[in-house]
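Here the structure comes first, spelled out in structure tokens, and everything after it is commentary.
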Amino acid sequence: MPTADTKTSTVEDQLRALVRLQHIDNRIDQIQKLRGDLPDEIQDLEDEKAGLETRLEKFEQELKDKKVAKRQAELDIKEAEQLIEKYEQQQLQVRNNREYDALTKEIEAQKERIENAEEAIEESENTLENNESAISETESRLEDLRGVLDEKRDKLNDVLQETEDEESALNSIRDEAEEKVDERYLNAYTKLRNRLRDGRAVVPLKRGAAAGFAVPPQRQVEIRQRKHIVACEHTGRIIVDQELYNETVDDMKARLDL
111 MPTADTKTST VEDQLRALVR LQHIDNRIDQ IQKLRGDLPD EIQDLEDEKA
161 GLETRLEKFE QELKDKKVAK RQAELDIKEA EQLIEKYEQQ QLQVRNNREY
211 DALTKEIEAQ KERIENAEEA IEESENTLEN NESAISETES RLEDLRGVLD
261 EKRDKLNDVL QETEDEESAL NSIRDEAEEK VDERYLNAYT KLRNRLRDGR
311 AVVPLKRGAA AGFAVPPQRQ VEIRQRKHIV ACEHTGRIIV DQELYNETVD
361 DMKARLDL
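Following the working numbering, the numbering of the sequence shown begins with 111 at its first residue and continues without gaps.
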């Protein structure tokens, strides 16, 4: 919100306030560029790591389940074989065809049970082989990933340690600088910052141009008079006199070491 000082300030005061704000934001942008894509890269790696760990858990659980299923199938075969032997002996002692046929059906059922168990064992063995290979590959990838993550985190921590204090101080100074800018100019500045890729909403007039675009002579005169807020007709950036820009930046560097 504007203060009593900003309400009575001149256009030149506002221009200087905007330059101060832009200079602070430029330095904050530089700090964030030092971090580069590291935070996003680390997040992507962490997401991949979580996915691999979930995959590994699934493989390991399936491995356990198939080992149990294989053991159960082996027990089923053993039990079925014993029952077949028992029923075959009983067939030798039956007194009529009805009893014999009933025992034959029991034998057939146990033989089918053995076939099903053998198929289950074969399936389990294939799954065990595939999962052991998949687990080995996943563990290898996880090991590599953890190494890359540690390296990226160390790199980011180094950058953070070097810049956190400065960024914190800059944000504090920025709050003070923002209070010196009239609300309507601050809103325009913020919108420009959000729209422009390089974040330079305030630029100096240099050799008849601003941010790469030529400025008409009459507009150059207005800019140097410092009596109006002049915007670039191509980009909307606020253009200020180079001398004013340099004076303001030099003053800030001297007082704040920015």
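Ideal Cβ placement from N, Cα and C applies to all residues, glycine included.
What is the DSSP secondary structure of residue i, reduced to helix, strand or coil?
| i | result |
| --- | --- |
| K306 | Per the sequence shown, the amino acid found at residue 306 is Leu instead of Lys. Three-state result, L306: coil. |
| V313 | strand |
| A109 | Lying outside 111 to 368, the shown extent of the chain, residue 109 is not represented and no answer is given. |
| I349 | strand |
| D292 | coil |
| R205 | coil |
| P326 | coil |
| K117 | Legend: pLDDT at K117 = 44, less than 50; position of this residue unreliable, value from coordinates given subsequently. Helix, per DSSP. |
Return the Cβ separation of residue i and residue j in integer angstroms, given the expectation that the two are a contact with Cβ distance under 8 Å.
| i | j | result |
| --- | --- | --- |
| H133 | V350 | With 8 Å as the limit, H133 and V350 do not qualify as a contact, their Cβ atoms being about 11 Å apart. |
For residue i, report the span of its alpha helix (DSSP H) as first-last.
| i | result |
| --- | --- |
| P149 | 148-201 |
| I339 | First-last for I339: undefined, no H or E at that position. |
| H133 | 121-145 |
Contact between the stretch 166-175 and the stretch 211-221 (3+ Cβ pairs under 8 Å): no
Cβ contact (3+ pairs, closer than 8 Å) linking the stretch 159-166 and the stretch 304-323: no
The stretch 137-148 in contact with the stretch 275-294 per 3-pair CB rule at 8 Å: yes
Meets three-Cβ-pair contact criterion under 8 Å: the stretch 176-183 and the stretch 252-267: no
The stretch 293-313 in contact with the stretch 148-163 per 3-pair CB rule at 8 Å: no
Alpha helix (DSSP H) runs wholly inside the stretch 224-249, at least 4 long, in chain order: none
Inter-stretch contact at 8 Å, needing at least 3 Cβ pairs: the stretch 252-272 / the stretch 217-235: no
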